[in-house]
Structures are given as C-alpha cells and as structure tokens.
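In the numbering used here, the protein residues as written are 40 to 647.
This is the structure:
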C-alpha cells in the first residue's frame, strides 16, 4: 500500500493499536526524550505528542521501536524488495513467475516523479518547531531524524543525489537561532563528496534538510547503498509509491515531507557542534563541523508532524534500522565481497566498534588449516562501504557441520577464542581513519584497527568457571568470568599510558598461569561485576573503551618482522581513559517529572 505522508503512517499505526497519543503538556527540553526512552525500554508503542509547550506542531517518536512495528510499516514491500535483490544475486531467478512479477511491481514505482508546481508550504519560525534536547549535557537542540539532501555539483539531478541522516544542531554554541545550524556529517559519508566537489568549483553546496515524510524515506537515508544508486529511488521502491518532488533554484521540495530547511554550506566554514548523546552510549564531544546558513524554514500546510528519535547505548530505536537493513541485504554480501558468507555489526558493542565475519578457505585444501584466504577477505571487508569504520574485526571460515553463525555472538567469539593463535592471528592497522563518534583513538576520526583471523583445529578448552590457579586477591582485586575463556579484571583507575604499561606488565606476569586454565582473554575494567553481569555489558565495555594499538597487551608479547603477538592470554585495557567521552546518564529530576505521564488516569498509565 505505501504511505503518501507521515500522517498516513500515524493513522495506520493508531488504527492497528500500535500508537498512543499523549495529550498532557510536555516539554521538548529533555522530557519528550525521557518518555521515549522509558517506553522504548518496555517495547512499547509509537508515541504521538499532541501538546508540546511553545510548539505549533505535534511530534511522533518510536515509529521503528520494535521489529514487529517496523515489519508492519513496510509489510507490503519487504518481500518484493527481497525479490529484486535476488535478481541481482542470481539473474536466472527472473524465470520464477513470483520473483519476476514482484520485480515488475517494484519497477513501476521505482522512479521518482517530478512535479511542475511547487507544493504548498508556509514559512515558520524555528521556535514553533518541537526540536528536542535528548540528554542533559547536549550542547543544544538537535534534529535527530533529518533527511539531508544534496546533489553532486558536477552531475546535478535527483538520480545522482545523496540522502543521508546526519544530525543537525539548531541552537546553542555559536549558532544564530533560525539562521545557522551545525551539520554533523562524519567521515566516509556521501555528502562529503558533494561538499568537496563544490569547494573545488568555488561554489556553495545547496542543502535541503527534509524532516518527516513516509517512513521509507527515513530507512532509505540510512541504507548503505552504493554511491551511484539514489536513496530516493530505493525509498520509492520500499514505499511502493513514486517519490514526488520539484526542484526550485537548486533546492528540493516535496509534498510528501512535513518540514523543509533550505540553506547553503560555504567553503570550509565551520563552527563548534555538540556535545551530543550518541549511539555508542557516550557523548560525542564539541568539534568543528560545517555550518548550514539557513535561507528558509518551511512547514507543510496540511497535517505537518515532527518526527524524532532518541539515541543512546544500544539497544535503542535505531537498532531496528540495523536489523531491517541486515534482513534486506544479507544475501547480497557474498556477491559484493567474494568468499564472505555473512557479516554482523554488533549492535550491543555500538555497531562500528565490533564486526564479525564468516569467510571461506579455498586456496589450499590439501594443506594445514590456517588463516590464508580470510586475511584477503578481511581487507575486502574493511574496504567496503561503512564496514570500513569497524575497529575490531573477528573473522573465521565456515566449516561443514560446525554451524558457526555471526549472529550468535557469544558462540562465535567462543569459536574464535578456541582456535586463535595469538602468535600469528593478530593483524593491526595503525593511524587510520575511524568512526567520528569513537573516542578511544588518538583524536577525532583517527585510531587503529585489529583483525583477529582464526581458523583451524581447536587449540584450547575455554574455562567455564573461575580457575583456581592464577586467580586470587593477591593477583587481582576482583575477577569475574564474563563468558567462557574471558576474564574481566578490576584494577585501579587509569592514570596515564606510562603507568598503564607498568600495570599491564604486572597483569601479564600474573596471567601466565591462566593459559593452562582455559583463559584466552583478560579484559581490564573499572567494574568487573558490571562487565561480567551480561554479555551485552562485556561487549559494550570491551570494544567501546579500547583502541587496539594502544590498549592491547599480552603475556610474553613480542615483535618479529613488524608483527606483534603474544604467547599467553591477550590483555585488553578497557578502563575509562581521560580522553574518553562521558557515559550517558539520565537527569534524576527529569525522570521524576515525567512520572506524571504514568500515573493513574494519565496517557501512559498502563506502562507505569
């Protein structure tokens, strides 16, 4: 069926009992975000805020908050989109009548349709739009579901456009309310290519920030599509309706979206943007980012609704984007990266910090089983699309009868740790580009990567209980088993790297006896009890708080021909460092204030 507007999707969700209206007055300053987080944590419905203090428009959030609701929104198109992808994998699939018919149906709606008349919008002050502040230390209000549209200056037109979701700061810092905004687009993003081309031509880059519209637009904006495929083309396919638009003096208009912000990014002009509570579970700090000089802010004349989301430590609403993207694209991976059967960016570890991959070993079937082809495949994975932002890549090869799955994270890591040869299987990349939101490296955009490529026969049995040998109060203040073969150890707080070198040598000395006790990995943390409590805690602490090149040590470590390895357990220093960003925490006063929505007779009493 598809949706013409966001209002249509809201009505559909409400009729199906998947949306709740909140009629009481609420503030966009922390309160809406806090309510969203509480409802999302319960797997609750989408939220429609009708009465926002000082705003002239309602808002909606948690649209994609559960897998069931996301499936509902795209229920008419998912199977057809999958059939289109099957044709790319195997053109002979077109011989199957259902596949051919579905591909034809998708094709009918695929091309965006240009209109001749500019659709009905009116200018509105920014102050009347309920732009939210999500976390207490955020630097201002942020648009959290912006659809940022740009065209390539050398090849203008919608088919060469880029639609990305890059947060936009609307006030705070040095921004002039309604006149300038912060454009947080990170490294490896398509808009950067357009910006570079505009600077080369000595021109400003025209930017249209779309907010709202059919849910398919929001998914398309985060979809990792090749550079030569328009996100608006994919949105039309997913929505089963052609995206309708017109272009006026280089700016995009569409009757399907709810708000439009038109402006220009000029040259290398930047202003401080942030802090902002981000999806790794920490604040991204204040840094210089491009400035959008606003020309106009427009709202659709009929039923304009402001959509927003709230990000933080996973899982959050954006986790469902990742799950659905995997569902749509996992069969494409082997065609894009030969030899790779599956990949999984681990949501609990913040997505980019940890990537798991299942490859293949076909080079020398008659020789000793050890990593060969998967090393080639690891390089291909780290050079592919947003996988290039991965910090840790664990890769092995599929073995008949082993049933290894990248989506069973504890089992996959156990399989690796049973087979890894720490003298051979650790491969570092140093001083390379990193996810802009990851503060474990040397500075913004920079850090290191580690590929752990393990394949072959099982080398060790992993401990499933704390070993009696080597674990004592004399050796460690507190030690907990986080998962088979993995020890979480609490030590003193991190002071500096010189002191850390000395401390890790002591821990390495104390850990020698652990190798024979089934411990393959020792993670040094600030709170061993918290880290070992759940597998998600272990993943989050270990892989968001460490930079491979600076924070990895090992028992009897060595460097040979520029290759680093160790003979005993690997040691990761995952303590909080001074240069790390702060952990996201709720404001207790706000948490108390929003209890009014959950009291008897209030809109959300059933979720109390």
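In this text, a Cβ means the ideal position worked out from N, Cα and C, and glycines have one as well.
Taking only the alpha-carbon atoms, compute the straight-line gap between residue i and residue j and give it to the nearest angstrom.
i, j, result
"residue 450", "residue 456", "10 Å"
"residue 90", "residue 66", "9 Å"
"residue 174", "residue 223", "17 Å"
"residue 193", "residue 439", "50 Å"
"residue 221", "residue 209", "7 Å"
"residue 216", "residue 248", "16 Å"
"residue 536", "residue 576", "24 Å"
"residue 275", "residue 298", "19 Å"
"residue 433", "residue 532", "28 Å"
"residue 69", "residue 324", "18 Å"
"residue 253", "residue 373", "31 Å"
"residue 642", "residue 572", "35 Å"
Along the alpha helix (DSSP H) that carries residue i, what are the first and last residues, could you check?
i, result
"residue 453", "448 to 458"
"residue 277", "270 to 278"
"residue 373", "372 to 375"
"residue 542", "536 to 549"
"residue 358", "357 to 368"
"residue 485", "Element bounds for residue 485: not the alpha helix (DSSP H) but the beta strand (DSSP E), 485 to 492."
"residue 78", "70 to 80"
"residue 575", "574 to 583"
"residue 112", "106 to 112"
"residue 254", "254 to 261"
State the DSSP-derived secondary structure class of residue i, mapped to helix, strand or coil.
i, result
"residue 192", "coil"
"residue 230", "helix"
"residue 590", "helix"
"residue 220", "strand"
"residue 212", "coil"
"residue 467", "strand"
"residue 420", "helix"
"residue 28", "What is shown of the chain runs 40 to 647, which leaves residue 28 out entirely."
"residue 667", "Here the chain comprises residues numbered 40 to 647, so residue 667 is not present and cannot be evaluated."
"residue 58", "strand"
"residue 477", "coil"
"residue 286", "strand"
"residue 522", "strand"
"residue 611", "strand"
"residue 186", "strand"
"residue 385", "coil"
"residue 85", "strand"
"residue 556", "helix"
For residue i, tell me which candidate among the options has the shortest Cα-Cα distance.
i, options, result
"residue 31", "173, 550 and 302", "Residue 31 falls outside the range modelled here, since the chain spans only 40 to 647, and no answer is possible."
"residue 95", "242, 312 and 168", "168"
"residue 295", "288, 87 and 152", "152"
"residue 448", "477, 523, 534 and 298", "523"
"residue 430", "205, 299 and 587", "587"
"residue 76", "239, 347, 385 and 600", "347"
"residue 112", "471, 54 and 603", "54"
"residue 377", "392, 411, 394 and 416", "416"
"residue 258", "213, 203 and 306", "203"
"residue 478", "446, 613, 543 and 467", "613"
"residue 556", "437, 120, 502 and 643", "502"
"residue 279", "178, 119, 422 and 57", "119"
"residue 320", "625, 442, 629 and 308", "625"
"residue 338", "293, 372 and 287", "293"
"residue 602", "404, 413, 468 and 327", "468"
"residue 370", "419, 361 and 382", "382"
"residue 350", "103, 578 and 463", "103"
"residue 176", "273, 116, 211 and 609", "211"
"residue 356", "444, 165 and 106", "106"
"residue 234", "405, 41 and 305", "305"
"residue 552", "570, 505 and 445", "505"
"residue 360", "101, 289 and 480", "101"
"residue 344", "236, 250 and 172", "250"
The beta strand (DSSP E) that contains residue i, what's its start and end?
i, result
"residue 47", "Per DSSP, residue 47 belongs to no beta strand (DSSP E); it is in the alpha helix (DSSP H), 45 to 54."
"residue 303", "298 to 304"
"residue 564", "560 to 564"
"residue 699", "Because the chain is modelled from 40 through 647, residue 699 falls outside the range shown and cannot be assessed."
"residue 445", "Careful: residue 445 lies outside any beta strand (DSSP E) and carries neither H nor E."
"residue 500", "Taken as a continuous stretch (DSSP letters only), residue 500 belongs to no beta strand (DSSP E), as it is neither H nor E."
Against chain B, does residue i count as a neighbour if the rule is that its beta carbon must be under 8 Å from one of theirs?
i, result
"residue 262", "No chain B is part of this structure, which consists of one protein chain only."
Checklist entry - Are there three or more Cβ pairs, one per stretch, closer than 8 Å when the region 358 to 368 is compared with the region 321 to 332? => result no
Mind the definition here: the region 525 to 542 touches the region 562 to 579 only if three or more C-beta pairs lie below 8 Å; say whether that holds. yes
message = Measuring CB atoms only, is the region 626 to 637 touching the region 488 to 495, in the sense that at least three cross pairs come out at less than 8 Å?
response = no
Evaluate the contact criterion for the region 236 to 248 versus the region 309 to 328: three or more CB pairs, one atom per stretch, below 8 Å. no
Quiz item: Looking at C-beta atoms only, is the number of pairs between the region 597 to 606 and the region 614 to 622 that lie closer than 8 Å three or more?
Solution: no
Any 3 or more C-beta pairs closer than 8 Å across the region 386 to 393 and the region 402 to 420:
no
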